[in-house]
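Input: a single structure, listed below in structure tokens.
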Amino acid sequence: MKKQHIFQNALLTLLMLFGLAACQDREILTIENQSPAIVMDLSQEELFLDSNFPDNLALTIAWDVAKYSQPTELKYKVEASADESFEVPYVMGTVSGSQRVVSYTVGEMNKAAQTLGLTANEQGSLYFRVSSYIGEAGEYVTSTSNTTMLTITPYELEYPTFYLVGGATAAGWDAGQAIPLYKTSNMSYIYTYLTGNEPFRFLGQTNWNPLNYSIDQAGTRENYRYFKQVSSNLVQDGDENMKFTGTSGMYKISIDAATAVQSIEVEASPVAGWDFPEIYMVGSMNGWSATAPLTMAQVSPGIYEIVTPLGADAEFKFIGQKDWGDLEWGNILKDNHGYSGYVGPKGDNGNVKFVGNGGSYKVTVNLKAGTYTIVSQ
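What follows is the structure, encoded as structure tokens:
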């Protein structure tokens, strides 16, 4: 009986070892892809996107089921690219389970096209593919479909208008006085005063809500995260703001709001000051004579004004001396002639051009804020 008992124990131990080995073998599964996730159809071969109907359905993409040697929960990633090699893919979206059809609106397609660098109002090409993958972040791509091309004409995106507010700015913390930046397409600029080691942020309106823009990183409020790239003199400050760490003075702020960029650069202005004893106006109204300019009155530090007639072809600049020296301001950005309401220093400006009626106008320039206004009197 004792020998039989020993034999039974040995047999039981052996069976347990085989069972454990079998369990381990079952945990190491080899999943082999048996068919790719092939894009079956694009609902359109050519798209002309109309900015008047951003919520309209534009494109539907469908594909068949990827098959694997083991039952596997798959996810699918839909990607677009401006080139057939997908060197810089744009993720349109991800789906899981049995879903094998996705649809995109006019606005979504336009965002994809512009993010990938297609030119507004010009016909271009987008390429699409679908990848099946395993894992939460798509780290295990199991197969990729064939590539399908779409001809598309995008429209110009409407980029945010940024309003500067905060302790570092000329506006202070008064949202009603927040300073808008000069915007041209995806780029926004201003030459303005910044106080060192003080916080600020951007609003999307002259109010605290609904839009706020700050650095896109952990610790910033989720709905305030925007700037993916920031210059070295900006750091996060609390959950709402960023802080300017440079020396107090005049700076050029440049924002690229392109979806794939969303950057902000702050660099020193070539004219560091903003409060001068005298500011003059020179242009078509005085024959462009810098030695005999029109003197502007200083109404407060950095703010100057003059009342003068302006005709239909009026052009002028502001100078800080009675000659064409370093102190010069005109319409913001190099060779940008017009009436933007923003001043740029020498080397980065054009003439202010204003169509007047020959009557009197009050011209006010605020060098600290980086703005000017022309108001009929």
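Our numbering puts the first residue of the sequence shown at 1202, with every later residue one more than the last. We put the beta carbon where it would ideally sit given N, CA and C, even for glycine. None of these values were measured; they are calculated from a predicted model.
Neighbourhood of residue i by C-beta distance below 6 Å, restricted to the same chain and skipping five residues each side
i: A1223; result: Note that A1223 has pLDDT 41, beneath the 50 cutoff, so the model's placement of it is unreliable and no number is given.
i: T1565; result: E1506 and T1574
i: Y1414; result: F1403 and Y1427
i: N1567; result: I1504
i: Q1245; result: L1260
Residue range of the unbroken beta strand (DSSP E) whose run includes residue i
i: N1413; result: N1413 to I1416
i: W1475; result: W1475 -> no beta strand (DSSP E), and no H or E assigned at all.
i: T1496; result: L1495 to S1501
i: R1402; result: E1399 to L1404
i: P1546; result: V1544 to P1546
i: V1564; result: S1561 to N1567
i: W1264; result: L1258 to W1264
i: Q1578; result: Element bounds for Q1578: n/a, residue is neither H nor E.
Own chain, CB closer than 7 Å to residue i, minus 5 neighbours either side, in chain order
i: T1306; result: P1255, D1256, N1257, L1258 and A1259
i: D1226; result: Residue confidence is low: D1226 scores 43 on pLDDT, short of 50, so the model does not pin down where it sits. No coordinate-derived value is stated.
i: P1471; result: P1546, K1547 and G1548
Expected contact under 8 Å - CB spacing of residue i and residue j to nearest Å
i: I1380; j: Y1364; result: 6 Å
i: L1351; j: L1435; result: With a Cβ gap of about 39 Å, L1351 and L1435 do not count as contacting.
i: F1519; j: M1486; result: That belief does not hold up - the Cβ atoms of F1519 and M1486 are roughly 13 Å apart, past 8 Å.
Enclosing alpha helix (DSSP H) for residue i [first to last residue]
i: M1310; result: V1307 to T1316
Own chain residues within Cβ distance below 8 Å of residue i, not counting five before or after
i: Q1209; result: In this prediction, Q1209 has a pLDDT of 45, which is less than 50 and means its spatial position is unreliable; what the coordinates show is noted afterwards. Result list for Q1209: empty, nothing under 8 Å.
i: L1250; result: A1259, V1307, M1310, N1311, A1314, I1353, T1354, P1355 and Y1356
i: T1396; result: G1368, A1369, T1370, F1445 and S1449
Bridge partners - residue i, DSSP secondary structure assignment
i: R1301; result: None; R1301 has no bridge partner.
i: K1535; result: Bridge partners of K1535: none, in fact.
i: R1422; result: In the DSSP output, where bridge partners are listed per residue, R1422 has none listed.
i: L1319; result: DSSP output for L1319 lists no bridge partner at all.
i: P1510; result: S1561
i: W1581; result: This structure cannot settle anything about residue 1581, because the visible part of the chain is limited to 1202 through 1578.
Top-ranked residue by Cα proximity to residue i, from the options
i: V1331; options: P1290, A1376, W1489 and T1572; result: P1290
i: S1541; options: K1547, N1552 and G1548; result: N1552
i: A1371; options: W1475, A1283 and N1442; result: W1475
i: Q1499; options: E1479, L1511, G1484 and K1518; result: E1479
i: A1491; options: A1321, M1497, V1576 and K1523; result: K1523
i: K1569; options: P1502, S1252 and D1375; result: P1502
i: G1405; options: V1576, A1376 and D1527; result: A1376
i: S1455; options: A1513, I1391 and F1287; result: I1391
i: L1580; options: S1346, T1295, V1292 and K1384; result: Beyond the ends of the chain as shown, which are 1202 and 1578, falls residue 1580; an answer cannot be given.
Residue i beta carbon near the ligand PLP (any heavy atom closer than 7 Å)
i: F1445; result: The ligand content of the structure shown is nil, which means the ligand PLP is not present either.
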